[in-house]
Amino acid sequence: MEAQSSIRFFEDCPLTRRDRIELVLGPTQKTLPLYQNHAQYDVVLLDGPHGYPFPDLEYYFIYPHIRKGGILILDDLAIPTIARLGDFLAEDDMFELMAVVDATGLFRRTEVETFSPYGDSWWTQKYNVRRTSRQQGAEKIPVEDQITKLGLNRKLFR
Ligand SMILES: C[S@@+](CC[C@H](N)C(=O)[O-])C[C@H]1O[C@@H](n2cnc3c(N)ncnc32)[C@H](O)[C@@H]1O
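Quick note on numbering: the sequence shown equals residues 5 to 162 in our numbering.
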């Protein structure tokens with residue numbers, strides 16, 4: 005671990021309660037699928053790897069474990085693929101968009117039953133319902149990419 009490591013900083017921080025924390029080191033692409041010791045989480049922050057589809061992958065392995073009423077924080081919404089995950093969540097029955105602060109989204113887990121991680125039922129998900137023309141007319145809910153429309157990607161223009 006380098007001297008400037010944020011992991012060392014976190015470990016050495018006097019506020020860090022090592023006795024209350026289980027530290028799992030390694031790429032989440034490897035560690036999350038293998039992790040078995042999940043609790044029902046009050047708060048989850050997704051802010052690790054940003055390339056597509058890694059935040060989506062992390063979401064898949066974490067969402068069944070966010071307790072109803074819990075908070076999902078999704079960082080780096082300026083990255084277009086992460087904004088799309090945000091668009092999905094903003095419309096999904098399982099989440100309510102509470103706020104976007106800079107490029108960070110806060111979503112509250114609703115009381116709705118957990119979407120089965122092992123089934124399919126894509127046609128029941130609002131993001132898909134609203135974007136399939138037959139359903140669109142029936143529901144009359146306008147399609148709006150709530151995060152993408154904020155244009156946060158402008159922050160990243162070089
Ligand atoms: C944008 S930083 C955010 C760190 C921390 N959440 C913060 O706000 O200070 C992203 C962090 O994720 C780490 N990271 C990158 N790819 C990762 C991966 N595949 N698995 C786990 N962590 C990863 C990076 O090393 C970096 O420390």
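Ideal Cβ positions, reconstructed from N, Cα and C, are used throughout, including at glycine.
Please classify residue i: does DSSP put it in a helix, a strand, or coil?
i      : result
TYR45  : strand
GLY52  : coil
ARG24  : helix
VAL133 : helix
ILE11  : helix
ARG162 : coil
PHE119 : coil
TYR39  : coil
PRO31  : coil
ASP16  : helix
ILE86  : helix
ASP91  : helix
ASP60  : helix
DSSP puts residue i in a beta bridge; with which residues?
i      : result
ALA103 : LEU110
GLY78  : Going by the sequence as given, residue 78 is Leu instead of Gly. Its beta-bridge partners are LEU50, GLY109.
ILE70  : TYR45
Between residue i and the rest of its own chain, which residues show a CB-CB distance below 7 Å, the 5 nearest in sequence each way excluded?
i      : result
LEU89  : PRO59, ASP60, TYR63, LEU78
LEU110 : ILE75, ILE77, MET102, ALA103
In chain order, what residues of the same chain have a beta carbon less than 6 Å from the beta carbon of residue i, not counting five sequence neighbours either side?
i      : result
ASP51  : ASP79
ILE86  : PRO59, ASP80
ASN157 : ALA82, PRO84
THR108 : ASP79
Take the Cβ of residue i as the centre, count every other Cβ of all protein chains shown within 10 Å, and call the residue buried at 16 or more, exposed below.
i      : result
PHE99  : buried
ARG71  : exposed
ILE25  : exposed
ASP46  : exposed
GLU115 : exposed
PHE92  : buried
ASN113 : According to the sequence provided, residue 113 is Arg. The question's Asn does not apply to it. With 16 or more Cβ atoms within 10 Å of its Cβ, ARG113 is classed as buried.
GLU3   : Only positions 5 to 162 of the chain appear in this structure, which leaves residue 3 out of reach.
ILE11  : exposed
VAL28  : exposed
If you drop the 5 nearest sequence neighbours on each side, which residues of the same chain put their C-beta closer than 8 Å to that of residue i?
i      : result
PRO57  : THR85
TYR67  : LEU76, MET98, THR118, PHE119, PRO121
LYS159 : ALA82, ALA107
Can you tell me whether residue i sits near ligand 1, meaning its C-beta is under 7 Å from at least one heavy atom of the ligand?
i     : result
LEU76 : no
GLY90 : no
Does the beta carbon of residue i fall short of 7 Å from some heavy atom of ligand 3?
i     : result
PRO57 : The ligand content of the structure shown is limited to ligand 1, which means ligand 3 is not among them.
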